[in-house]
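K.L.:
Okay, handing you the structure first.
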Amino acid sequence: MSTAPRLSIGLPVYNGEDYLAESLDALLGQSFGNFELIISDNASTDRTEEIGREYAKLDSRVRYVRQPVNIGCAPNHNYCVDVARGELFKWASDDDLYARDLLERCIEALDEHPEFVLSHSWTAMIDEKGVVTQALEYPLNTVSPHAAERFRSTLFAPGGDDDGAVIRTEVLRRVAPLDSYHHADRTIISELALHGPFHQVHDWLYFRRDHPGRSEHEHPTVRRRATNLDPKRADKLRHPMVRLLGEYVLGYVKAIRNAPISGAEKRECFRYLRQWMLNRAGNPAMGRMPVQAEAETGPREVSVVSVVAGQEGRVR
(Lines of atoms letter the chains of each structure in order from A and count residues from 1; the text may use other names and numbers.)
(Lines give C-alpha, C1' and ligand atoms only; values in the text may rest on other atoms or scores of the structure.)
Protein backbone atom coordinates (compact mmCIF):
# COMPACT_ATOMS: atom_id res chain seq x y z
CA MET A 1 0.00 0.00 0.00
CA SER A 2 1.45 3.35 -1.01
CA THR A 3 1.80 6.10 1.58
CA ALA A 4 0.11 9.39 0.76
CA PRO A 5 2.51 12.31 0.34
CA ARG A 6 2.44 15.16 2.83
CA LEU A 7 1.84 17.74 0.08
CA SER A 8 0.10 17.72 -3.28
CA ILE A 9 1.20 20.25 -5.89
CA GLY A 10 -1.33 20.82 -8.65
CA LEU A 11 0.03 22.26 -11.90
CA PRO A 12 -2.78 22.91 -14.41
CA VAL A 13 -1.34 23.77 -17.81
CA TYR A 14 -2.35 24.53 -21.38
CA ASN A 15 0.30 25.01 -24.08
CA GLY A 16 3.04 25.71 -21.55
CA GLU A 17 6.05 24.43 -23.49
CA ASP A 18 8.05 27.67 -23.19
CA TYR A 19 8.62 27.62 -19.43
CA LEU A 20 7.20 24.32 -18.13
CA ALA A 21 10.56 22.57 -17.78
CA GLU A 22 11.98 25.48 -15.77
CA SER A 23 9.00 25.41 -13.43
CA LEU A 24 9.25 21.64 -12.96
CA ASP A 25 12.98 21.86 -12.22
CA ALA A 26 12.30 24.50 -9.57
CA LEU A 27 9.59 22.39 -7.93
CA LEU A 28 11.45 19.08 -8.05
CA GLY A 29 14.55 20.78 -6.63
CA GLN A 30 12.78 21.86 -3.43
CA SER A 31 14.47 21.20 -0.08
CA PHE A 32 11.16 19.68 1.07
CA GLY A 33 10.58 16.58 -1.01
CA ASN A 34 7.60 14.69 0.42
CA PHE A 35 5.10 15.68 -2.25
CA GLU A 36 3.30 14.55 -5.38
CA LEU A 37 3.30 16.82 -8.43
CA ILE A 38 0.11 16.53 -10.49
CA ILE A 39 0.47 17.94 -14.01
CA SER A 40 -3.03 18.33 -15.46
CA ASP A 41 -2.58 18.99 -19.18
CA ASN A 42 -5.70 20.66 -20.58
CA ALA A 43 -5.42 19.01 -24.03
CA SER A 44 -2.39 21.08 -25.07
CA THR A 45 -1.45 21.27 -28.74
CA ASP A 46 2.26 22.06 -28.26
CA ARG A 47 5.08 20.07 -26.58
CA THR A 48 3.51 20.19 -23.12
CA GLU A 49 2.55 16.50 -23.24
CA GLU A 50 6.06 15.45 -24.29
CA ILE A 51 7.64 17.48 -21.49
CA GLY A 52 5.17 16.27 -18.87
CA ARG A 53 5.58 12.59 -19.74
CA GLU A 54 9.37 12.90 -19.77
CA TYR A 55 9.45 14.36 -16.26
CA ALA A 56 7.03 11.67 -15.05
CA LYS A 57 9.52 9.04 -16.25
CA LEU A 58 12.41 10.79 -14.52
CA ASP A 59 10.77 11.37 -11.12
CA SER A 60 8.19 9.10 -9.47
CA ARG A 61 6.66 12.06 -7.64
CA VAL A 62 5.34 13.43 -10.94
CA ARG A 63 1.89 12.31 -12.06
CA TYR A 64 1.05 13.42 -15.60
CA VAL A 65 -2.63 13.50 -16.58
CA ARG A 66 -3.86 14.60 -20.00
CA GLN A 67 -7.45 15.77 -20.23
CA PRO A 68 -9.15 14.32 -23.36
CA VAL A 69 -10.54 17.77 -24.26
CA ASN A 70 -9.97 21.31 -23.03
CA ILE A 71 -12.20 21.40 -19.95
CA GLY A 72 -11.54 25.07 -19.21
CA CYS A 73 -9.11 26.85 -16.94
CA ALA A 74 -11.11 26.77 -13.71
CA PRO A 75 -12.21 23.11 -13.99
CA ASN A 76 -8.60 22.15 -14.65
CA HIS A 77 -7.52 23.90 -11.46
CA ASN A 78 -10.33 22.20 -9.52
CA TYR A 79 -9.40 18.80 -10.95
CA CYS A 80 -6.00 19.07 -9.27
CA VAL A 81 -7.67 19.61 -5.89
CA ASP A 82 -10.11 16.75 -6.46
CA VAL A 83 -7.39 14.15 -7.07
CA ALA A 84 -4.88 15.45 -4.50
CA ARG A 85 -3.83 12.95 -1.83
CA GLY A 86 -1.78 15.18 0.47
CA GLU A 87 -2.95 16.85 3.68
CA LEU A 88 -1.50 20.06 2.22
CA PHE A 89 -2.06 21.49 -1.25
CA LYS A 90 -0.42 24.07 -3.49
CA TRP A 91 -1.29 25.30 -6.96
CA ALA A 92 1.72 25.91 -9.20
CA SER A 93 2.04 27.61 -12.58
CA ASP A 94 3.85 26.41 -15.67
CA ASP A 95 5.65 29.74 -16.14
CA ASP A 96 6.57 30.77 -12.58
CA LEU A 97 9.61 29.88 -10.46
CA TYR A 98 10.04 28.92 -6.81
CA ALA A 99 12.98 29.27 -4.41
CA ARG A 100 14.40 25.98 -3.12
CA ASP A 101 13.14 26.51 0.43
CA LEU A 102 9.68 27.89 -0.39
CA LEU A 103 7.81 24.70 0.51
CA GLU A 104 9.97 23.97 3.54
CA ARG A 105 9.48 27.39 5.10
CA CYS A 106 5.74 27.51 4.40
CA ILE A 107 5.17 24.03 5.83
CA GLU A 108 7.29 24.77 8.90
CA ALA A 109 4.98 27.69 9.67
CA LEU A 110 1.86 25.54 9.30
CA ASP A 111 3.35 22.87 11.57
CA GLU A 112 4.23 25.43 14.23
CA HIS A 113 0.87 27.21 14.05
CA PRO A 114 -2.09 24.86 13.56
CA GLU A 115 -4.44 27.85 13.49
CA PHE A 116 -3.01 29.01 10.13
CA VAL A 117 -4.99 27.78 7.12
CA LEU A 118 -2.28 28.67 4.61
CA SER A 119 1.26 30.00 4.34
CA HIS A 120 2.80 32.03 1.53
CA SER A 121 5.87 34.14 0.80
CA TRP A 122 6.43 37.51 -0.81
CA THR A 123 6.37 37.69 -4.61
CA ALA A 124 8.99 39.02 -7.01
CA MET A 125 8.16 39.70 -10.64
CA ILE A 126 10.52 38.30 -13.30
CA ASP A 127 10.78 38.75 -17.06
CA GLU A 128 11.03 36.17 -19.84
CA LYS A 129 14.67 35.47 -18.96
CA GLY A 130 14.03 35.07 -15.26
CA VAL A 131 15.51 38.44 -14.27
CA VAL A 132 13.82 40.13 -11.30
CA THR A 133 12.05 43.35 -12.31
CA GLN A 134 10.11 44.05 -9.11
CA ALA A 135 10.27 42.71 -5.56
CA LEU A 136 6.88 43.28 -3.93
CA GLU A 137 5.71 43.50 -0.33
CA TYR A 138 1.94 43.31 0.09
CA PRO A 139 0.43 45.10 3.12
CA LEU A 140 -1.98 42.29 3.98
CA ASN A 141 -3.45 41.88 7.46
CA THR A 142 -4.58 38.30 6.99
CA VAL A 143 -2.69 37.18 10.10
CA SER A 144 -5.26 38.99 12.27
CA PRO A 145 -7.17 36.80 14.78
CA HIS A 146 -10.36 38.59 13.70
CA ALA A 147 -12.10 37.01 10.70
CA ALA A 148 -13.76 40.26 9.57
CA GLU A 149 -10.43 42.10 9.53
CA ARG A 150 -8.85 39.32 7.46
CA PHE A 151 -11.79 39.48 5.05
CA ARG A 152 -11.48 43.27 4.79
CA SER A 153 -7.79 42.91 4.00
CA THR A 154 -8.45 40.55 1.10
CA LEU A 155 -10.98 43.01 -0.31
CA PHE A 156 -9.06 46.26 -0.03
CA ALA A 157 -5.36 45.34 0.01
CA PRO A 158 -3.54 44.04 -3.06
CA GLY A 159 -3.17 40.29 -3.32
CA GLY A 160 -1.03 37.98 -5.34
CA ASP A 161 1.33 36.16 -3.00
CA ASP A 162 -1.42 34.13 -1.41
CA ASP A 163 -2.45 32.57 -4.74
CA GLY A 164 0.71 30.45 -4.60
CA ALA A 165 0.28 29.44 -0.97
CA VAL A 166 0.57 26.08 0.72
CA ILE A 167 -2.99 25.43 1.95
CA ARG A 168 -4.50 22.85 4.29
CA THR A 169 -6.37 20.56 1.89
CA GLU A 170 -9.33 19.90 4.15
CA VAL A 171 -9.93 23.65 4.51
CA LEU A 172 -9.57 24.22 0.77
CA ARG A 173 -12.19 21.53 0.13
CA ARG A 174 -14.58 23.28 2.50
CA VAL A 175 -14.71 26.45 0.41
CA ALA A 176 -16.34 26.93 -2.98
CA PRO A 177 -14.29 25.62 -5.93
CA LEU A 178 -12.68 28.03 -8.37
CA ASP A 179 -15.35 29.59 -10.57
CA SER A 180 -14.91 30.53 -14.24
CA TYR A 181 -14.97 34.32 -14.06
CA HIS A 182 -12.10 36.79 -14.12
CA HIS A 183 -10.06 36.80 -10.86
CA ALA A 184 -12.34 34.25 -9.19
CA ASP A 185 -9.26 33.16 -7.25
CA ARG A 186 -9.66 36.28 -5.10
CA THR A 187 -13.04 35.06 -3.82
CA ILE A 188 -11.42 31.75 -2.82
CA ILE A 189 -8.71 33.63 -0.93
CA SER A 190 -11.33 35.75 0.84
CA GLU A 191 -13.31 32.67 1.82
CA LEU A 192 -10.19 30.94 3.13
CA ALA A 193 -9.48 34.04 5.24
CA LEU A 194 -12.85 33.52 6.93
CA HIS A 195 -11.71 30.05 8.03
CA GLY A 196 -8.47 31.13 9.67
CA PRO A 197 -5.40 33.39 9.57
CA PHE A 198 -2.67 33.29 6.92
CA HIS A 199 1.07 33.16 7.51
CA GLN A 200 3.34 35.30 5.37
CA VAL A 201 7.02 34.40 4.96
CA HIS A 202 8.84 37.73 4.75
CA ASP A 203 11.17 36.76 1.94
CA TRP A 204 10.98 36.64 -1.86
CA LEU A 205 10.54 32.94 -2.57
CA TYR A 206 7.87 33.03 -5.29
CA PHE A 207 8.79 34.45 -8.71
CA ARG A 208 5.87 35.36 -10.96
CA ARG A 209 6.84 35.60 -14.60
CA ASP A 210 5.52 38.40 -16.79
CA HIS A 211 5.84 37.61 -20.49
CA PRO A 212 3.97 38.38 -23.74
CA GLY A 213 2.19 35.02 -23.74
CA ARG A 214 0.61 35.47 -20.34
CA SER A 215 -3.19 35.61 -20.51
CA GLU A 216 -3.32 39.13 -19.04
CA HIS A 217 -1.45 40.39 -22.12
CA GLU A 218 -3.30 38.28 -24.67
CA HIS A 219 -6.60 39.48 -23.17
CA PRO A 220 -5.84 43.00 -21.86
CA THR A 221 -9.38 44.16 -21.01
CA VAL A 222 -11.87 42.76 -18.53
CA ARG A 223 -14.33 42.19 -21.38
CA ARG A 224 -11.81 40.14 -23.36
CA ARG A 225 -10.69 38.20 -20.30
CA ALA A 226 -14.28 37.42 -19.39
CA THR A 227 -14.96 36.31 -22.96
CA ASN A 228 -11.90 34.08 -22.86
CA LEU A 229 -13.20 32.35 -19.74
CA ASP A 230 -16.81 32.13 -20.90
CA PRO A 231 -17.84 32.75 -24.56
CA LYS A 232 -21.33 33.83 -23.45
CA ARG A 233 -19.74 36.99 -22.08
CA ALA A 234 -18.99 38.11 -25.64
CA ASP A 235 -22.61 39.29 -25.95
CA LYS A 236 -22.45 43.01 -25.18
CA LEU A 237 -26.12 42.99 -24.16
CA ARG A 238 -25.17 40.86 -21.20
CA HIS A 239 -23.05 43.69 -19.77
CA PRO A 240 -19.92 41.70 -18.82
CA MET A 241 -18.67 44.31 -16.33
CA VAL A 242 -21.98 44.37 -14.45
CA ARG A 243 -22.19 40.60 -14.57
CA LEU A 244 -18.62 40.30 -13.30
CA LEU A 245 -19.34 42.54 -10.32
CA GLY A 246 -22.45 40.49 -9.60
CA GLU A 247 -20.44 37.28 -9.64
CA TYR A 248 -17.91 38.74 -7.23
CA VAL A 249 -20.65 39.87 -4.86
CA LEU A 250 -22.48 36.55 -5.02
CA GLY A 251 -19.25 34.68 -4.33
CA TYR A 252 -18.47 36.88 -1.34
CA VAL A 253 -22.03 36.64 0.03
CA LYS A 254 -21.96 32.84 -0.12
CA ALA A 255 -18.53 32.81 1.52
CA ILE A 256 -19.72 34.96 4.44
CA ARG A 257 -22.93 32.99 4.94
CA ASN A 258 -21.07 29.66 5.00
CA ALA A 259 -18.17 30.84 7.16
CA PRO A 260 -17.64 29.26 10.62
CA ILE A 261 -17.81 32.65 12.38
CA SER A 262 -20.25 34.44 14.68
CA GLY A 263 -23.27 36.40 13.54
CA ALA A 264 -21.62 39.64 14.65
CA GLU A 265 -18.53 38.88 12.55
CA LYS A 266 -20.71 38.09 9.55
CA ARG A 267 -22.52 41.41 9.88
CA GLU A 268 -19.15 43.19 10.02
CA CYS A 269 -18.05 41.33 6.88
CA PHE A 270 -21.23 42.41 5.09
CA ARG A 271 -20.50 46.03 6.04
CA TYR A 272 -17.05 45.75 4.47
CA LEU A 273 -18.56 44.11 1.40
CA ARG A 274 -21.05 46.95 1.04
CA GLN A 275 -18.22 49.49 1.19
CA TRP A 276 -16.27 47.50 -1.40
CA MET A 277 -19.32 47.45 -3.70
CA LEU A 278 -19.76 51.21 -3.40
CA ASN A 279 -16.08 51.72 -4.16
CA ARG A 280 -16.43 49.54 -7.23
CA ALA A 281 -19.45 51.52 -8.33
CA GLY A 282 -17.42 54.73 -8.04
CA ASN A 283 -19.42 56.33 -5.22
CA PRO A 284 -17.25 59.34 -4.22
CA ALA A 285 -18.66 59.44 -0.69
CA MET A 286 -17.37 55.95 0.00
CA GLY A 287 -14.20 56.18 -2.01
CA ARG A 288 -11.81 56.97 0.82
CA MET A 289 -10.43 53.44 0.92
CA PRO A 290 -8.90 52.32 -2.40
CA VAL A 291 -10.28 49.26 -4.11
CA GLN A 292 -6.74 47.95 -4.24
CA ALA A 293 -3.78 49.68 -2.65
CA GLU A 294 -0.39 49.82 -4.29
CA ALA A 295 1.98 47.03 -3.36
CA GLU A 296 5.18 48.24 -1.77
CA THR A 297 8.29 47.70 -3.86
CA GLY A 298 11.21 46.15 -2.03
CA PRO A 299 14.91 46.05 -2.94
CA ARG A 300 15.90 44.71 -6.35
CA GLU A 301 18.85 42.63 -5.01
CA VAL A 302 16.87 39.41 -5.42
CA SER A 303 18.59 36.81 -7.57
CA VAL A 304 16.70 33.94 -9.16
CA VAL A 305 19.92 32.12 -10.07
CA SER A 306 21.08 31.91 -6.46
CA VAL A 307 17.84 30.58 -4.94
CA VAL A 308 15.95 28.60 -7.63
CA ALA A 309 16.90 25.03 -8.52
CA GLY A 310 17.79 24.42 -12.16
CA GLN A 311 18.68 28.03 -12.97
CA GLU A 312 22.45 27.61 -12.81
CA GLY A 313 24.07 27.96 -16.21
CA ARG A 314 20.93 28.98 -18.09
CA VAL A 315 21.53 31.39 -20.97
CA ARG A 316 19.93 34.78 -20.22
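The numbering of the sequence shown is full-length UniProt numbering, which starts it at 1 and goes up by one.
Ideal Cβ placement from N, Cα and C applies to all residues, glycine included.
(1) Pick out the complete alpha helix (DSSP H) segments inside the region 103-183, 4 residues or longer, and give them in chain order.
(2) Buried or exposed: where does Ala176 fall if 16 or more other Cβ atoms within 10 Å of its Cβ makes it buried?
(3) Just mark Lys90 as buried or exposed, buried being the case when its beta carbon has 16 or more other beta carbons within 10 Å.
(4) Pick from Phe198, His211, Leu155, Phe207: whose alpha carbon is nearest that of Ala184?
(5) Excluding sequence positions up to five away, which residues of its chain have a Cβ less than 6 Å from the Cβ of Ala193?
(6) Taking the alpha-carbon positions, what's the Leu88 to Val166 distance?
(7) Sorted by chain position, which residues of the same chain lie with C-beta nearer than 7 Å to residue 345's C-beta, five sequence neighbours on each side aside?
(8) Within 10 angstroms of the Cβ of Asp127, are there 16 or more other Cβ atoms? Answer buried if so, exposed if not.
(9) Measuring only the C-alpha atoms, how far is Leu103 from Val201?
(10) Tell me the DSSP secondary structure of Gln292 in three-state form.
(11) Assign Val69 to one of three DSSP states: helix, strand, or coil.
(12) Looking only at C-alpha atoms, which of Tyr79, Asp41, Asn42, Gly33 sits nearest to Asp59?
(13) Would you mind working out which of Ser44, Ile9, Leu178 sits nearest Gly16, comparing C-alpha positions?
(14) If Val81 sits next to Arg173, beta carbons under 8 Å apart, how far is it from one beta carbon to the other, in whole angstroms?
(15) Can you check whether the CB of Ile39 is closer than 8 Å to the CB of Gly52?
(16) Could you pull the DSSP bridge partners for Trp91 from this structure?
(17) How many angstroms separate the CA atom of His146 from the CA atom of Gly251?
P.N.:
Taking the structure as given:
(1) 147-156, 169-172
(2) Position 176 of the sequence shown, counted from the start, is the residue given in the question as residue 176. Flag for Ala176 reads exposed.
(3) For the purposes of this step, residue 90 is taken as the residue at position 90 of the sequence shown. Classification of Lys90: buried, given that the 10 Å Cβ count is 16 or more.
(4) Here residue 184 refers to the residue found at position 184 of the sequence shown. Ranking Phe198, His211, Leu155, Phe207 by Cα distance to Ala184 puts Leu155 first.
(5) Position 193 of the sequence shown, counted from the start, is the residue given in the question as residue 193. Thr142, Arg150, Phe151, Thr154.
(6) Sequence index remark: in the sequence shown, residue 88 carries index 88 (1-based). Sequence index remark: in the sequence shown, residue 166 carries index 166 (1-based). So the alpha carbons of these two residues sit roughly 7 Å apart.
(7) Residue 345 is absent from the structure shown; the chain starts at 1 and stops at 316.
(8) Here residue 127 refers to the residue found at position 127 of the sequence shown. With fewer than 16 other Cβ atoms within 10 Å, it is exposed.
(9) The sequence position of residue 103 within the sequence shown is 103, counting from 1. The sequence position of residue 201 within the sequence shown is 201, counting from 1. One C-alpha to the other measures close to 11 Å.
(10) Counting from 1 along the sequence shown, the entry for residue 292 is found at position 292. Since pLDDT at Gln292 reaches only 40, below the 50 mark, its modelled position is unreliable, and the value read off the structure follows with that caveat. Looking at Gln292 - three-state DSSP - the assignment turns out to be coil, as it is neither helix nor strand.
(11) Mapped onto the sequence shown, residue 69 falls at position 69. It is coil, neither helix nor strand.
(12) As a working mapping, residue 59 is identified with position 59 in the sequence shown. Cα-wise, what sits closest to Asp59 is Gly33.
(13) On the sequence shown, position 16 is the one that residue 16 refers to. The shortest C-alpha separation from Gly16 is found at Ser44.
(14) Start at 1 with the first residue of the sequence shown, and residue 81 comes out as number 81. Start at 1 with the first residue of the sequence shown, and residue 173 comes out as number 173. Yes, they are in contact, since the Cβ atoms of Val81 and Arg173 sit about 7 Å apart, within 8 Å.
(15) Numbered from 1 along the sequence shown, position 52 holds the residue referred to as residue 52. Numbered from 1 along the sequence shown, position 39 holds the residue referred to as residue 39. In this structure, Ile39 lies closer than 8 Å to Gly52 by Cβ.
(16) Working through the sequence shown from its first residue, we reach residue 91 at position 91. DSSP output for Trp91 lists Gly10 as bridge partner(s).
(17) Counted from its first residue, the sequence shown places residue 146 at position 146. Counted from its first residue, the sequence shown places residue 251 at position 251. In a straight line, the C-alpha of His146 is about 20 Å away from that of Gly251.
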